[in-house]
Each structure stands twice: as C-alpha cells, then as structure tokens.
Amino acid sequence: MRPTEASERCHLRGSYTLRAGESALELWGGPEPGTQLYDWPYRFLRRFGRDKVTFSFEAGRRCISGEGNFEFETRQGNEIFLALEEAISAQKNAAPPTPQPQPATIPTSLPRPESPYSRPHDSLPPPSPTTPVPVPRPRGPEGEYAVPFDA
C-alpha cells in the first residue's frame with residue numbers, strides 16, 4: 001500500500017489482498033488474515049487504473065472509507081484492472097431492468113376554476129367605475145447609492 005491522504009486517514013499500511021467481489025472491490029488482510037477491512041461498491045468508484053507496478057482507484061464520498069485515492073504497489077495491476085472491469089460489466093448485465101414509470105392518466109377535460117386569472121388578459125371585463133385606478137407616481141432619480149467613506 002502506498003501512502004496517500006485517504007490511506008493514511010483509514011490507517012492502511014503494509015500488505016493487503018484486493019479482491020474484485022460481486023458488487024464491490026474488497027480489501028482483505030490486516031492483523032488478522034482473512035478479515036475484510038473495507039469494500040468499495042463499484043457504483044461509488046470514480047475511476048481506477050494501473051501501470052506496471054501499481055493499481056490505483058479513486059473512491060467516492062459515499063464509500064465507507066470516504067473519498068480519496070488508494071494506491072497499491074503490485075505487479076498484478078493489469079490482472080486486477082481486468083478483473084474489476086469484468087466484475088463491473090457482470091454487475092451491469094445482471095441488474096434487473098428498472099420498471100419504467102407509467103404516465104399518469106390525465107382526464108380529457110379538466111375542471112376550470114372560476115377566477116379572472118384563468119382567462120386571457122384581453123378577455124377580462126373592464127373594471128367597474130367604482131374601482132380606483134392606480135395612478136403612477138412621478139419617478140425621481142433612478143436609484144440612490146451609498147458612497148463609502150475614504151479611509
């Protein structure tokens with residue numbers, strides 16, 4: 001394990017085993033061999049990659065470990081990468097199709113509220129003579145702004 005901000009936060013040092021599980025990348029090892037320490041669900045991994053001596057991935061904030069980069073020194077980086085791609089592909093193919101929401105049935109004629117707001121403006125009746133008509137106020141300067149004091 002290479003030290004990164006995320007691995008330091010999770011107190012990960014030394015050698016571990018990475019396993020591409022059915023739905024998550026799993027980290028096994030620690031003081032008691034055979035113990036699963038972390039898992040990173042595939043849907044929460046932002047990216048992963050490899051080179052000749054490293055496998056790395058970026059976990060999203062919804063992972064138990066929190067977000068961050070994790071880097072592993074290994075010569076099996078390519079094998080881990082391919083296993084991860086295959087596991088993610090299998091998970092996508094095995095996911096049950098989500099039911100498509102059915103559109104709500106809309107009645108052919110909706111009740112119309114009796115309100116002057118439900119009619120076009122030009123079809124409103126003229127105002128009654130007893131209704132006062134607002135008179136526009138004379139406009140002064142456009143606006144007034146405070147001027148900060150010079151220090």
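Quick note on numbering: full-length UniProt numbering labels position 68 of the sequence shown as 68, and the sequence is numbered without any gaps. Quick reminder that beta carbons are idealized off the backbone N, C-alpha and C, glycines included. Quantities reported herein were computed from a predicted structural model and do not represent experimental measurements.
query	result
Closest by C-alpha distance to residue 1, when choosing among 47, 27 and 23	27
Collapsed DSSP secondary structure at residue 85 in the structure displayed	helix
Residue 50 and residue 77 closer than 7 Å at C-beta	yes
Residue 150 (DSSP reduced to helix, strand or coil)	With a pLDDT of 45 at residue 150, under the threshold of 50, the modelled position of this residue cannot be trusted; read the value that follows with caution. Of the three classes helix, strand and coil, the one that applies to residue 150 here is coil, per DSSP.
Three-state class that DSSP yields for residue 68 in the structure shown	strand
Cα-Cα separation, residue 92 to residue 8	32 Å
Closest residue to residue 84 among 12, 57, 52 and 15 (Cα-Cα distance)	57
Where residue 15 falls, given that 16 or more other Cβ within 10 Å makes a residue buried	exposed
Beta-carbon spacing of residue 74, residue 55 below 7 Å	yes
Residue 76, DSSP secondary structure in three states	coil
Three-state secondary structure assigned by DSSP to residue 43	helix
Alpha carbon of residue 71 to alpha carbon of residue 89, nearest angstrom	23 Å
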